[in-house]
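Some notes on the structure that comes next.
Numbering (the working numbering), first residue to last: 1 to 99.
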């Protein structure tokens with residue numbers, strides 16, 4: 001299974017669950033519309049909620065490092081996800097909107 005997804009592919013997805021693993025402060029500053037903020041350090045606390053998501057999960061952070069860490073943790077809990085390559089930095093380079 002491909003464990004990454006491009007910014008363009010993410011933008012075109014309408015049915016995926018976007019989880020932004022940056023800090024609350026970073027998320028409040030700017031984020032992708034309809035994304036949910038679950039900071040990386042809180043992912044273990046929300047594992048039950050995340051495991052109940054029955055659509056594709058896309059993990060987002062500033063670059064993609066924290067998203068990869070979150071993905072590793074989710075994999076250990078048998079939860080599939082994809083990391084958006086390049087994160088918010090790449091999203092901005094493509095001139096896609098943030099809220």
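For each residue, glycine too, the CB sits at the ideal point set by N, CA and C.
Reduced DSSP category for residue 40 - H, G, I as helix; E, B as strand; rest coil: helix
With 16 other Cβ atoms within 10 Å as the buried cut-off, status of residue 74: buried
State yes or no: is the C-beta of residue 101 within less than 8 Å of the C-beta of residue 82? Residue 101 falls outside the range modelled here, since the chain spans only 1 to 99, and no answer is possible.
Please state the DSSP three-state secondary structure of residue 68. helix
| field | Backbone CA spacing between residue 91 and residue 99 [nearest angstrom] | value | 12 Å
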